[in-house]
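Take the sequence shown: its position 135, counted from the start at 1, is 156 in my numbering, and no numbers get skipped.
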Amino acid sequence: MKINFNGFDGSELDPMIEMIVRAIVKRLAHKAVDECMDMVRELMAQRQEKGTPMQQLTRAVGEGSHLFWAASAWAVVYGVARDVCGYKGTVSDFERNASRLKMPAKFEYPCTCNKVNRTICDHAYMRMHVNKWKEFGASDRVMALLDFLMARIEK
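Below you can see the structure in the form of structure tokens.
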């Protein structure tokens with residue numbers, strides 16, 4: 022972008038004015054960096070307070086335990102972990118970790134070996150991203166648990 026200054030090229034600028042302009046720009050740049058760093062610190066503190074998405078999901082599972090209808094409901098939790106929380110482990114790793122979670126005393130459906138994998142094999146939509154589950158035939162109970170979990174995870 023070229024701006025027409027009607028023949029003024031800056032060479033007639035008083036060196037003192039140039040120095041002042043440079044100092045102002047430098048201060049503004051530092052101020053902007055400092056403000057950005059303050060925002061980053063604030064966001065990091067908020068994230069530590071709320072926990073990682075996986076920690077939020079773990080809390081949500083305990084809070085939503087009343088929505089579980091069978092051990093196969095853990096496949097919904099796995100889908101959220103995979104698609105929303107960035108879980109990169111295998112289904113077997115997930116089942117192993119989920120089976121160790123401390124759940125409410127009245128919780129009747131612990132995660133068992135191969136249950137998540139079998140459920141995913143039985144329901145093709147579960148291989149898709151959770152955002153497509155309803156469109157491809159997820160039941161109301163699956164969607165109720167999914168919606169509950171999703172509402173408690175800050176993306």
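For each residue, glycine too, the CB sits at the ideal point set by N, CA and C.
Computed from a prediction, not measured in an experiment: that's the story for all the values here.
CB-CB length for residue 112 against residue 171, believed under 8 Å:
With a Cβ gap of about 20 Å, residue 112 and residue 171 do not count as contacting.
Where residue 115 and residue 66 are concerned, what is the direct C-alpha to C-alpha distance, given to the nearest angstrom?
Here the alpha carbon of residue 115 sits roughly 28 Å from the alpha carbon of residue 66.
If you measure between the beta carbons of residue 88 and residue 166, is that distance less than 8 Å?
yes
Straight-line gap, residue 57 to residue 128 (C-alpha atoms, nearest Å):
45 Å
Under the rule that 16 or more other beta-carbon atoms within 10 Å means buried, what is residue 160, buried or exposed?
exposed
Would you say residue 72 and residue 151 are within 8 Å of each other, going by their C-beta atoms?
Cβ atoms of residue 72 and residue 151: not closer than 8 Å.
Do you know offhand how far residue 82's Cα is from residue 59's?
Approximately 33 Å, taken between the alpha carbons.
Taking 6 Å as the limit between beta carbons, can you name the residues of its chain near residue 133, skipping five residues before and five after?
92
For residue 126, the nearest candidate out of 43, 86 and 95 (CA to CA)
86
Quick check: what's the CA-CA separation for residue 61 versus residue 51?
15 Å
Please state if the CB of residue 96 and the CB of residue 147 are separated by a distance shorter than 8 Å.
yes
Beta carbon of residue 164 nearer than 8 Å to that of residue 153:
no
Roughly how many whole angstroms lie between the Cα atoms of residue 140 and residue 90?
Their Cα atoms are separated by approximately 13 Å.
Keeping to the same chain, check which residues put their C-beta closer than 7 Å to that of residue 130; ignore five residues upstream and five downstream.
89, 91, 92 and 94
Does the distance from the C-beta atom of residue 84 to that of residue 162 stay below 8 Å?
no
So is residue 44 buried or exposed if we call it buried at 16+ other beta carbons inside 10 Å?
exposed
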